[in-house]
Structures are given as structure tokens and as C-alpha cells.
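Residue numbers (the working numbering): 1117 to 1147.
For each residue, glycine too, the CB sits at the ideal point set by N, CA and C.
Predicted, not measured: the structure shown is a model, and the values here were computed from it.
Okay, so here's the structure we're looking at.
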């Protein structure tokens, strides 16, 4: 059960972190 919860959090956080990194990169390029 614990492993499943961790995997779910990871699958949710990974795209969010990737999107945040891309957004920050674009902000730096546009700034």
C-alpha cells in the first residue's frame, strides 16, 4: 500500500516539476 501511494505521488509530482522547470526556463528566456 505504501509503495502504491509513493508511486502515485511520484507520477503526479514528476510532470508538475517538469512543467515548473519548463515554465521557469521560458520565463528566463522571455525576461
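- prompt: Do you know how far the Cα of residue 1133 is from the Cα of residue 1142?
  reply: Residue 1142 and residue 1133: Cα-Cα distance of roughly 14 Å.
task: Pull up the distance between the alpha-carbon of residue 1124 and that of residue 1139, whole angstroms please.
output: Between residue 1124 and residue 1139, the C-alpha separation is close to 23 Å.
message: Rounding to the nearest angstrom, what Cα-Cα distance links residue 1147 and residue 1126 in this structure?
response: If I take the Cα positions, the gap works out to 31 Å.
Residue 1137 versus residue 1145 - alpha carbon distance: About 12 Å.
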